[in-house]
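Report on the following structure.
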Amino acid sequence: MSETTTERQEVPFTIDGVTYNAYKGETVLEAALRNGYFIPHYCWHPSLSIAGNCRMCLVHTKPGPPKPQIACNTVVTENMEVDGASEKTKTAREGILEFLLANHPLDCPICDQAGECDLQQYSFDHGRSSSKFAEIKTQRPRHDLGPRIRFNGNRCIVCTRCVRFCHEVTGTGELAVVNRSDASWIDVFPGIPLDNPLSGCVADLCPVGALLDTDWIHTTRTWLLRGTKSVCAGCATGCNVNVETFDDSVKRITPRENQAVNNWWMCDKGRDKYKEAAVESRLRVSRKDGEPVTHQAALEAALELYRGTPLGKVAYLTTGHATLEELHLLDTITGGPGGVNYAPEGDSFTALDGFEVSADKNPNRAGVSAVLGDLDGGEAVAKAITSGQVELVVVCDSSPGGAEWSEGLVEALRGDVPAIVISLEDTWLAQSKQVAFPALHAIEKDGSLINSKGRVQRLRAAVSPPGDARGELEVLQELGRAGGHFPRVVSAGGVFRRLAAANPASFDGITYRGLGLVGLPMVGAADQTPAEECMTYYTAGPVSRDPSHNAQDEQTRVAVHRESPIGYGTVRGSI
Amino acid sequence: MSHALPVIGKFVERSFSDAVHAEIDTLIKRYPEPKAALLPVLRIAEREFGSVDHGAMKASAEKLNLSPAYVLGVVTFYFHFRRPTDGTFVIEVCRTLPCALRGADAFAEGAAKKLGVKFGETTPDGLFTIKNAECLAACDKAPVCHINAYSWELLDLETFSTLVDEIRANPENFDLTKGRKTPFPWNAAADPNCERKQPEGERDPYYMAMTHEPVLGKRFFNEEAADYDAYVKDGGYVGLKEALKLQPSEVIDMTKKSGLRGRGGAGFPCGMKWGFVPSVDKVPGPRYLLVNADESEPGTFKDIRFIEDDPHQILEGAAIGAYAIGANDIYIYIRGEMRLGADRLNVAIEEAYKKGHFGENALGFGNRLDCTVHRGAGAYICGEETGLISSLEGKRGQPKLKPPFPAVEGAWGQPTIVNNVETLANLPHLFREGLDWYTALGTPPISKEIAPPRGRMGSQGPKVWCVSGHVNRPGVYDVPFGVSLRELIESDKFCGGIWGGRKLKAIVPGGSSMKILTNAEVDCHLCYDDVADAGSSIGSAAIFVFDETTCMVNALYNVLRFYDHESCGQCTPCREGAGWITKLVGRILKGQGSMDDLDTIDKLSDEACGKTICVLAEAWSWPATSYMHKFRSEFETYIKTGTSPMAGRLYEPLPAAKA
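Protein chains in written order, with this note's numbering: chain A, 1 to 575; chain B, 1 to 659.
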């Protein structure tokens, strides 16, 4: 967890002769990792208790016994000398790796963890190239532990990260190690599957290919995935995620670390969110009077409608899913009343470490309040429509499944009031009104959202929109340009600049670039955790997912991950 | 190797009756937290529902507010719970090395044939299940089996056959407690005609051995002597009174001066260990004294004698220990297989409560002292002190990381001392007879000036030794330290030499974890220093003897199978290494070995020793390397020819038996 910036007593110590500073009470492993010295390990994770069973982090220490100590359980004492690179330490590591590989199947060609597997990584970095094992390998079962997780017993190194996660983080306790000796494996109680809201996280934590997300396995090789660092738009928590795509389609979504938002976790529903972008009922083409047309044709019709309406008679309707930029644009280009529809409350879950799946399934409710103030659910708009004060409604509805507007509003809208509809779902509005444009799903657009703690975070587009859709940001800006509100269509960052300038009470000092990977707290938010404290030295689940730790051999890494026109490569996308 | 999970069949929902709920509630009060009562609650479930099936696990989990998966993990760790497929009578036959040396393998095969089933299976009439078991602490009375955890000893196929038929004829009322045997006229009194005279000022261990009156073992095999009044008549509870006259720190001091070392296997000085318990201002809260009655080291059967025949000696010692460290709770962790022992201990504890040794105002001191027997469930690793603590806490019996050490942070995070049964049994004698008497027994410490470079720690106090294997009189011997190992084996006063007039081939002096000594190395004296100098260790004082017909490769395989089965599986080197080395030696035994395999044994030992959480890795690598190095020619013969002159034999019947 992140530490606030109180002073902690520093304890100097050396690793391989180089002096570092540990905090008082830190273990050798924590201090080393924090200082950028990597000690290989499996069972340790900063969010979990110390198990000390993998024995991978063995180092020799002085003062210390002649035998090596595990770094994860050895507290740093003043002027301790840690030997992490001598022959005897290296030999100890080689031995441990050989033991781990003794009964491990030669599954790399068919194992989905390949490319992000700590066993592969450390074998390459610290292992021997041959083994003296000449026996028949012990077999252990392969079964699904729950709807989302497949367990492959032969690959398991019994590090117990998954078991400890279920006891210490989610508190649900579905997993246990059964049997003993080399017949140990991970199992659930019959009838009680691994089914908590965070069950997918055990696959992230598993350093090897023993626990895999059934939604993702056998789809793509990890090194073909291109990661886009975005946030999840499933609820008001706004977990930081890595949307991993190949060939312009999402293969999986995994969490990124942000100690101010989601620690290292995300919920299972968030992992499935990309499927919303592919549902049958989505609006994929622009419509004019219900008929499919090109974007250009629809845009011309929309511009005509917009130009022909006085500003004060343009109302708008939006949802809790709209980004800050979209909200700001709606506010700018309309003069009449506005209404917002919030998705109904859903299931919530609070983990023992404070991670929360919010009951509020609107990713930007806080954003709506910040930019648009208090809005009702459309009653004002309905009244204005029926009293004839509104001659055009701009509907911006990117909520999955479509917003459920109130009865009165629906009745008012069913009349002949013209509307420009930008919609994710192919709703009755999109089919019956004059112009409709496809809205973009969260995985397809750039923009920013404010989560329940008042943190402003960035979405980044990971895949292309359907067909020739251009999305809300561009359509609204085209309207605004036509109305003379601003001279050009700019990127989301450009719109954010205008938004921040117009709302210093909330966004003073926040720039789009500054939102970076972990966002920034709004002015006045209760949680003011600065960006530097959101990411610890432990940014990944399995360590090998941290690209800075990949194969030490630059040649090998770069040869595979060279820039390619189709976008092959590992994590890309800086700002 | 596969270990089957409990067979489900159909999931049966189970719930405890109100009376059982009340019983469990009373039980939970004896522990600091409900989770610790898990093993006893599972035993109650086993009793109520006939086996620990998934329904029983779920009911227990709900009662103690644990997740069912957690309970599943704990249940599958242990091997002694009844499974749903078990018959009415579960017969467990020990086939570990000391028993195998006396014919347990052939006996077991014959027993299974008599029942008409394979190992692990139940007879069609649901009456008998036959299983392999690990060392049942009755190695001197092998072949031995347990029937529903009651010991049946000195069996052969005939007596076993009769036994099975008798049980079949009367399954409801058959008395299972009648199977214990006393093997030979045990430990005859001191020989007044001993030839050697004690030289002035010197200590002649042979003299001491021949003239020594049993101290610890005085009441062994004497069933009446376990009674409280008989114990007091014999001088019992005097040591406790003497200890209570001193301050706790003085008790610790005196124990340090006595040189008493742990008798469980590690030999760590007992007083020094007590001294590590921090003062109450440094670490507030309760202290715990845990009695390690989980005697599982193959070849060891001394603690069981205290437990079954002389429980008050243990209770008195535990009370002294609890007084010394300021503990209010004593937990006696007894292995699940020792059912009779647990019963006897409970009877003795009740007597002790009645007499005011335990209870709210124990010993007249105004402090509470409670004593609880906690039954294990079949795991050798629970004899390791932190494994014992884990098991007591209601977890899988996996050893904990050290540091922190139990004396500072042990059971439930509090200062805890774990002492072996025999170690505690020494204390009443120490405090009754005094330091001079105590330190006069055994071999004295010698400073490093006189015996460079390290001096000698000395081995003081009375001692009981277990001898099993190919000797004429296996058994428990109450003899002080210093007697020569060869004398113990070959003297007519003791084991009477190798049976059948055969030659001695090798001896394991301290339990199967210890390195083996060849015939040439057996002239050392039995004390910590000398045996260490000879290249092995006293360990748990479990001596087993191999005659010239024994195949060392198969002996090693037997030992390694034990450790492979008993490894807790927590840390990488031991979990993978134990299985690996067992398979390797098994492959050599099958004739598929290569010379590289012998190097591999050394390399595995290097890579695992010192890298693990506990010393089980040393426990399998010491035998592996020492048997391989000292009997290399036998291994090489197997590799080159696929067999050996001893051809896998562990037991060669004596000529008389053959006729």
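Glycine residues also receive a C-beta, built at the ideal position from the N, C-alpha and C atoms. All values reported here derive from a predicted model rather than from experimental measurement.
Separation of residue j from residue i, as counted between CA atoms
{"i": "P724(B)", "j": "L205(A)", "result": "A question about residue 724(B) goes unanswered here, because the residues of chain B that appear run from 1 up to 659."}
{"i": "R649(B)", "j": "I639(B)", "result": "17 Å"}
{"i": "E554(A)", "j": "H41(A)", "result": "Any reading at E554(A) must be qualified, since the residue scores a pLDDT of 39, below 50, and its modelled position is unreliable; the value itself is stated next. C-alpha separation (whole angstroms): 22 Å."}
{"i": "G336(B)", "j": "T643(B)", "result": "39 Å"}
{"i": "P653(B)", "j": "K505(B)", "result": "16 Å"}
{"i": "I334(B)", "j": "P147(A)", "result": "42 Å"}
{"i": "D294(B)", "j": "S60(B)", "result": "24 Å"}
{"i": "I147(B)", "j": "E92(B)", "result": "6 Å"}
{"i": "A615(A)", "j": "N364(A)", "result": "With chain A represented from 1 up to 575, any question about residue 615(A) goes unanswered, as that position is not in the structure."}
{"i": "R470(A)", "j": "H295(A)", "result": "8 Å"}
{"i": "V11(A)", "j": "D118(A)", "result": "30 Å"}
{"i": "H561(A)", "j": "A114(A)", "result": "Per-residue confidence for H561(A) stands at a pLDDT of 40, beneath the threshold of 50, marking its modelled position as unreliable; the derived number appears in the next sentence. Approximately 15 Å, taken between the alpha carbons."}
{"i": "I450(A)", "j": "G367(A)", "result": "5 Å"}
{"i": "M646(B)", "j": "G586(B)", "result": "16 Å"}
{"i": "G153(A)", "j": "L352(A)", "result": "28 Å"}
{"i": "S17(B)", "j": "C166(A)", "result": "31 Å"}
{"i": "H441(A)", "j": "S123(A)", "result": "41 Å"}
{"i": "E224(B)", "j": "A230(B)", "result": "7 Å"}
{"i": "D83(A)", "j": "L29(A)", "result": "12 Å"}
{"i": "K361(A)", "j": "L473(A)", "result": "22 Å"}
{"i": "A188(B)", "j": "A37(B)", "result": "The predicted model places A188(B) with a pLDDT of 46, which falls under 50 and marks its position as unreliable, so this point remains unresolved."}
{"i": "K10(B)", "j": "F81(B)", "result": "19 Å"}
{"i": "L58(A)", "j": "N21(A)", "result": "20 Å"}
{"i": "T88(B)", "j": "R168(B)", "result": "11 Å"}
Nearest-angstrom beta carbon gap, residue j and residue i [assumed within contact, 8 Å]
{"i": "I507(B)", "j": "L526(B)", "result": "That belief does not hold up - the Cβ atoms of I507(B) and L526(B) are roughly 11 Å apart, past 8 Å."}
{"i": "F431(B)", "j": "D309(B)", "result": "22 Å between Cβ atoms; not a contact."}
{"i": "P193(A)", "j": "L145(A)", "result": "6 Å"}
{"i": "P40(B)", "j": "G103(B)", "result": "That belief does not hold up - the Cβ atoms of P40(B) and G103(B) are roughly 36 Å apart, past 8 Å."}
{"i": "I330(B)", "j": "A318(B)", "result": "5 Å"}
{"i": "G496(B)", "j": "N519(B)", "result": "G496(B) to N519(B), Cβ: 17 Å. No contact."}
{"i": "V74(B)", "j": "V52(B)", "result": "Wrong, their Cβ atoms sit about 10 Å apart, outside the cutoff."}
{"i": "P438(A)", "j": "V314(A)", "result": "21 Å between Cβ atoms; not a contact."}
{"i": "E81(A)", "j": "T61(A)", "result": "7 Å"}
{"i": "F481(B)", "j": "K463(B)", "result": "6 Å"}
{"i": "F562(B)", "j": "T182(B)", "result": "Wrong, their Cβ atoms sit about 27 Å apart, outside the cutoff."}
{"i": "I186(A)", "j": "C201(A)", "result": "Wrong, their Cβ atoms sit about 15 Å apart, outside the cutoff."}
Which residues DSSP lists as bridging residue i, in chain order
{"i": "V188(A)", "result": "L175(A)"}
{"i": "Q389(A)", "result": "Beta-bridge pairing links Q389(A) to no other residue."}
{"i": "G292(A)", "result": "Contrary to the premise, residue 292(A) reads as Pro rather than Gly in this sequence. In the DSSP output, where bridge partners are listed per residue, P292(A) has R287(A)."}
{"i": "C660(B)", "result": "The shown model of chain B, from 1 to 659, leaves out residue 660(B), and the question about it has no answer."}
{"i": "S484(B)", "result": "H525(B)"}
Listed by chain order, chain A residues near residue i by CB distance under 8 Å
{"i": "Y70(B)", "result": "H167, G173, A176"}
Per-residue contacts from residue i into chain B (C-beta, under 8 Å)
{"i": "G52(A)", "result": "L401, C571, I613"}
{"i": "P207(A)", "result": "Here the premise fails: no neighbours, minimum Cβ distance about 12 Å."}
Under 7 Å by beta carbon: chain A residues contacting residue i
{"i": "T600(B)", "result": "K132"}
Contacts of residue i in chain B (Cβ-Cβ under 9 Å)
{"i": "A102(A)", "result": "E576, G577, G579, W580"}
{"i": "P68(A)", "result": "G610, K611"}
Cross-chain neighbours of residue i in chain A, by beta carbon under 9 Å
{"i": "D564(B)", "result": "S181, D182"}
*asked:* Does the structure place the segment 194–201 of chain A close enough to the segment 165–175 of chain A that three or more beta carbon pairs sit under 8 Å?
replied: Yes: at least three Cβ pairs fall under 8 Å.
_Count Cβ pairs between the segment 268–277 of chain B and the segment 340–357 of chain B that sit closer than 8 Å; are there 3 or more?_
Not touching, per the Cβ criterion.
*Using 8 Å as the Cβ pair cut-off and three pairs as the minimum, do the segment 338–346 of chain A and the segment 317–328 of chain A touch?*
Put simply, the segment 338–346 of chain A touches the segment 317–328 of chain A. At least three CB pairs are less than 8 Å apart.
*Counting Cβ pairs, one atom from each stretch, are 3 or more of them under 8 Å apart for the segment 23–36 of chain B and the segment 126–142 of chain A?*
These segments do not touch.
*asked:* Under 8 Å: do the segment 451–463 of chain A and the segment 415–432 of chain A share three or more Cβ pairs, one atom per stretch?
replied: Using a C-beta cut-off of 8 Å, the segment 451–463 of chain A makes no contact with the segment 415–432 of chain A, since fewer than three inter-stretch Cβ pairs fall below that distance.
_Can you confirm whether the segment 373–387 of chain A touches the segment 293–311 of chain A when touching is taken to mean that 3 or more C-beta pairs between the two stretches lie within less than 8 Å?_
Touching, no.
*Are the segment 481–501 of chain B and the segment 238–255 of chain B touching by the rule of at least three beta carbon pairs closer than 8 Å?*
Taking a cut-off of 8 Å on C-beta distances, the segment 481–501 of chain B does not touch the segment 238–255 of chain B, as fewer than three cross pairs fall below it.
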